[in-house]
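Enquirer: Attaching a single structure in structure tokens format; questions to follow.
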Amino acid sequence: MVPGIGTKVVFERNELDRLITALRERQYRVVGPTVGEGAILYEEMTSSADLPAGWTDSSQPATYRLNRARNGRVFGYTLAAQSWKRHLYPPRQRLFRAERAGRGFRLSGGGGDEAPMAFIGVRACEMAAMQVHDRVFTQDGFTEPGYVRRRQAAFVVAVECAHAGATCFCASTGTGPAVGPGYDILLNEILDAGRHVFVATAGSEKGGEILAGLSCRAPAAAELSAAAAQPASAAAEQQRRMSADAAGVLSRSAESPHWDNVAGRCLTCGNCTMVCPTCFCTSVEDVTDLSGDIAERWRNWDSCFTIDYSYIHGGSVRQSGASRYRQWITHKLASWQQQFGTSGCVGCGRCITWCPVGIDITAEVRALEDREQGR
Ligand code: SF4
Ligand code: SF4
């Protein structure tokens, strides 16, 4: 029987292979957490052997380590280094190709021929980040067709966090650790004495159909309560929080002397914007071959931390590091609200972990707040 939306079932750990196979049989390119380059990476996978069973990660400001865990937990890490943004809104995308044909040009290459993707292991903050991008890329008729196409075709297997990383703060941004709506299947991994199972919730008809093909049973009461306890336990572990008045503090802090303090530490490297699941700045470049017969237009990820990003005729608007950091954090936490009706931060903590000098977005807001209140 196909589990209806909201129905919970349980399957054993070894059914993960059948889940991946079922998705591949439906022509999805399955992307999930893998171990590579000393980190968790969201990459294409062909079987459950690609999943990071027995690995965990630890994050601190400017520090990330991948460690062996003493258990076989499959989703025992917190987050991949990069987010799903890399797949839904690729770092480098050809917008079109123009090839000389007689007296004119033949246009091609705008995309649209990729296989649909199935994402395995989407966390609550990442689900929220996709929903932020859904607004950014579809608001007021300004639609990013490639994103919309990939997103609408995607199948999402979310996994709820049982533990939090040291740089996580989604509980204070209201974007986790409980996974919100939008998934096709939600998993809670239960690993205790002699038991390694997944409590699965169908979030869509497609999700229910996939679950119907696995060997599932009804959950025991203890399994349901273990799954339900996971988000609260992950929230209790979070050591950081974002101020509830972040938007107000930033709106009132344009002239704060604190920006020079941050600029004394910030390298304007743009790492924070690259790893952020919601940052979406891009630039466009045109390239041609030497004969002039072929021209291509490419869109590349860019960053408001580069001096060129604010270049208009005559020079860059934001010349100083202080003005560029202020731009990033004020847009993310304050003016994003006016533009898109939501914050641009989902509390994943990646910008803290991957900042080479450990600048912490929650601490910078707190410092601005302290200055404002004369503390
Ligand atoms: S600003 Fe930092 S914590 Fe917030 S969503 Fe972006 S990377 Fe994550
Ligand atoms: S805040 Fe950190 S990661 Fe972001 S640009 Fe500055 S140094 Fe780089």
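Our numbering applies: residue 1208 is where the sequence shown begins, and numbers increase by one. Idealized CB from N, CA, C, for every residue including glycine. None of these values were measured; they are calculated from a predicted model.
1. Just verifying my parser: in three-state terms, what is the DSSP assignment at isoleucine 1327?
2. Look up tyrosine 1532 in the DSSP assignment and say whether it is helix, strand or coil.
3. Between cysteine 1368 and glycine 1389, which are expected to be in contact by the criterion C-beta below 8 angstroms, what is the C-beta distance as a whole number of angstroms?
4. Leucine 1421 and arginine 1231: beta carbons closer than 8 angstroms?
5. Looking only at its chain, what residues have a beta carbon closer than 7 angstroms to the beta carbon of tyrosine 1284, apart from the 5 residues adjacent to it on each side?
6. Could you check where the beta strand (DSSP E) with threonine 1489 kicks off and where it finishes?
7. Hey, quick one: how far does the alpha helix (DSSP H) through threonine 1547 stretch, first residue to last?
8. Hey, how far is the Cα of leucine 1393 from the Cα of leucine 1302?
9. I need the straight-line Cα distance from serine 1315 to aspartate 1496, nearest angstrom please.
10. Could you give the first and the last residue of the continuous alpha helix (DSSP H) run that contains asparagine 1274?
11. Under the rule that 16 or more other beta-carbon atoms within 10 Å means buried, what is proline 1563, buried or exposed?
12. Is it the case that the Cβ atoms of lysine 1413 and phenylalanine 1362 are separated by a distance below 8 angstroms?
13. Taking the continuous alpha helix (DSSP H) assigned at isoleucine 1188, which residues delimit it?
14. Of the residues Glu1430, Gly1387, Ala1425, Asp1391, which one's Cα is nearest the Cα of histidine 1403?
15. Taking 7 angstroms as the limit between beta carbons, can you name the residues of its chain near aspartate 1500, skipping five residues before and five after?
16. With 16 as the cutoff for other CB atoms within 10 Å, does isoleucine 1589 come out buried or exposed?
17. Give the single residue among Gly1455, Ala1373, Gly1415 whose Cα lies nearest to the Cα of aspartate 1391.
18. Any residue with its Cβ nearer than 6 angstroms to a heavy atom of ligand 1 should be included. What is that list in chain order?
19. Excluding the five sequence neighbours on either side, which residues of its own chain have a C-beta within less than 6 angstroms of the C-beta of arginine 1533, listed in chain order?
20. Could you check whether the Cβ of asparagine 1478 sits closer than 7 angstroms to any heavy atom belonging to ligand 2?
21. Excluding five sequence neighbours on each side, which residues of the same chain lie with their C-beta closer than 6 angstroms to the C-beta of aspartate 1567?
22. Which residue from Val1553, Leu1575, Val1366 puts its Cα closest to that of leucine 1457?
Expert: Well, looking at it:
1. By one-based count along the sequence shown, residue 1327 stands at place 120. Three-state DSSP puts isoleucine 1327 in a strand.
2. Locating residue 1532 in the sequence shown gives position 325, counting from the first residue. Looking at tyrosine 1532 - three-state DSSP - the assignment turns out to be helix.
3. Here residue 1368 is taken as the residue at index 161 of the sequence shown, counted from 1. Here residue 1389 is taken as the residue at index 182 of the sequence shown, counted from 1. Not confirmed; about 16 angstroms, so no contact.
4. What you label residue 1421 is simply residue 214 of the sequence shown in a count that begins at 1. What you label residue 1231 is simply residue 24 of the sequence shown in a count that begins at 1. Not in contact: leucine 1421 and arginine 1231 (Cβ atoms no closer than 8 angstroms).
5. As a working mapping, residue 1284 is identified with position 77 in the sequence shown. Here the set comprises Pro1240, Ile1247, Pro1259, Trp1262, Thr1263, Asp1264.
6. As a working mapping, residue 1489 is identified with position 282 in the sequence shown. 1489 to 1495 is the span of the beta strand (DSSP E), which, as asked, contains threonine 1489.
7. Your numbering for residue 1547 matches position 340 in the sequence shown. Residue 1547 is actually phenylalanine in this sequence, not threonine. Start and end: 1543 to 1547.
8. Within the sequence shown, residue 1393 is the residue found at index 186, counting from 1. Within the sequence shown, residue 1302 is the residue found at index 95, counting from 1. Cα-Cα distance, rounded: 34 angstroms.
9. On the sequence shown, residue 1315 is found 108 positions in, with the first residue counted as 1. On the sequence shown, residue 1496 is found 289 positions in, with the first residue counted as 1. Those two C-alpha atoms are separated by around 16 angstroms.
10. Within the sequence shown, numbered from 1, the residue matching residue 1274 stands at position 67. Careful: asparagine 1274 lies outside any alpha helix (DSSP H), inside the beta strand (DSSP E) at 1270 to 1275.
11. Position 356 of the sequence shown holds residue 1563. It counts as exposed.
12. Position 206 of the sequence shown holds residue 1413. Position 155 of the sequence shown holds residue 1362. In this structure, phenylalanine 1362 lies closer than 8 angstroms to lysine 1413 by Cβ.
13. The first residue shown for the chain is 1208 and the last is 1582, placing residue 1188 beyond what the model contains.
14. Working through the sequence shown from its first residue, we reach residue 1403 at position 196. The candidate whose alpha carbon is nearest that of histidine 1403 is Glu1430.
15. Taking the sequence shown and counting its residues from 1, one reaches residue 1500 at position 293. The answer, listed in chain order, is Glu1306, Arg1307.
16. In the structure as shown, the chain starts at 1208 and stops at 1582, and residue 1589 therefore has no counterpart that could be examined.
17. Walking along the sequence shown from the start, residue 1391 turns up at place 184. Closest option to aspartate 1391, Cα to Cα, is Gly1415.
18. Val1482, Cys1483, Pro1484, Thr1485, Lys1539, Cys1552, Val1553, Gly1554, Cys1555, Gly1556, Arg1557, Cys1558, Ile1568
19. If you number the sequence shown from 1, residue 1533 lands on position 326. Cβ neighbours of arginine 1533 beyond the five flanking positions: Trp1466.
20. Locating residue 1478 in the sequence shown gives position 271, where the first residue counts as 1. For ligand 2, at least one heavy atom lies less than 7 angstroms from the Cβ of asparagine 1478.
21. For the purposes of this step, residue 1567 is identified with residue 360 of the sequence shown, where counting begins at 1. So the qualifying residues of the chain are Pro1268, Ile1559.
22. Here residue 1457 refers to the residue found at position 250 when the sequence shown is read from its first residue. Among Val1553, Leu1575, Val1366, the Cα nearest to that of leucine 1457 is on Leu1575.
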